[in-house]
Structures are given as C-alpha cells and as structure tokens.
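To start, the structure under review is shown below, and the notes come after it.
In this note's numbering, the protein residues as written are 129 to 254.
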C-alpha cells in the first residue's frame, strides 16, 4: 500500500462504504415508492397492476433486503454520531462497529420469518 494513502481497507472503511451503499439503495426505494404511489392518481388500474407485482416471492425477498439496508443504515448512523460527538468515540469505533453488526444480525434473524412468511408459505406450503 502506498505511503500517505487514506484507504486502509479496515473495518471503518468498509462500514463507510456500506453506509453509502445502503443510503443510495434506500433513496432509490423511496423514489420508486413515490412514483408508484403517484400512479394511483393517473390510473388506479395501473396502480393495482403494479401493486399486484409486489406480492411475488422475489419482491418479498427484496423487501427483506430493504429491511436489512434500513436497519444497518440506522444502526451505523448512530455509531457514526457516537464517533463524531463522543470524545472516546474514535478510540472505540471498531468495537462499536462490531456491536452494530451483531445487533443488526440478531435483529435480521428475528425479522426473517415475519418479513418472509408469505414467500416461505408460497414456496414450501403452510
């Protein structure tokens, strides 16, 4: 690695990348959500057709991904606030990141069935 470069490839850099990626994904979801909701004013029939496509297993898995992105972005955002505003934040940023990842994984495991139950029942039966 060249001397003087800011990139270190450690946990802090990966959390920075993940925070930006999840933020962009959430932005695009909100953009599409506003567009499809606005469709009801143009054509209620077209809106109903679009909403019907959302009831597929593929979209349900994407919803689980959306939950994962929002949850990570929120938890990591709290970590970023702590790093920025707590005097000991930079010293403990690595431990806080692993805490965020553990809490995120536990909450995602808990959200697995509630979010994906429609898809699981469709694919594997009741």
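The beta carbon of each residue, even a glycine, is placed where N, CA and C say it ideally should be.
| Item | Value |
| --- | --- |
| Beta-carbon proximity of residue 232 to residue 206, cut-off 8 Å | no |
| Cutoff 7 Å; reference residue 159; Cβ partners in own chain excluding five residues on either side | none |
| Residue 258, DSSP secondary structure in three states | Given a span of 129 to 254 for the chain in the structure shown, any question on residue 258 remains unanswerable. |
| contact_flag[the segment 173–190, the segment 239–251] where n(CB pairs < 8 Å) is 3 or more | yes |
| Test item: CB-CB of residue 197 and residue 150 under 8 Å | yes |
| When 208, 239 and 236 are compared against residue 144, the one with the closest alpha-carbon | 208 |
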